[in-house]
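K.L.:
Positions in the sequence shown are counted from 1; adding 490 to them yields the working numbering.
Take a look at the following structure, please.
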Amino acid sequence: MSQKKVDFIINNTYFLKDVLLNNKHLRTKLYKLIKTEVKSEKEVVKEKVPHYWGNPLKEQLDE
């Protein structure tokens, strides 16, 4: 990752942190959004992993 991208991410993270610390409504909204995203991601991964990737760690242990 380039230094420019890293700086951009860091600057925006601090900006977002300030906004969230000062705005309870936004913070709650974002947490709810993150929670639902994480939940849906886990479900998707759970469905896909056995079909497509298997378990690489288990395969290594079997060898």
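The beta carbon of each residue, even a glycine, is placed where N, CA and C say it ideally should be.
Near Gln-493, which residues of its chain fall below 7 Å by C-beta distance, leaving aside the five closest residues on each side in sequence?
P.N.:
Here residue 493 is taken as the residue at index 3 of the sequence shown, counted from 1. Cβ within range, chain order: n/a, list empty.
K.L.:
Following the continuous alpha helix (DSSP H) through Asn-512, name the residue where it begins and the one where it ends.
P.N.:
Working through the sequence shown from its first residue, we reach residue 512 at position 22. Per DSSP, Asn-512 belongs to the alpha helix (DSSP H) from 493-512.
K.L.:
Less than 8 Å between C-beta atoms, sequence neighbours within five positions excluded: which residues of the same chain meet that for Val-509?
P.N.:
The sequence position of residue 509 within the sequence shown is 19, counting from 1. Excluding positions up to five away in sequence, the list reads Leu-516.
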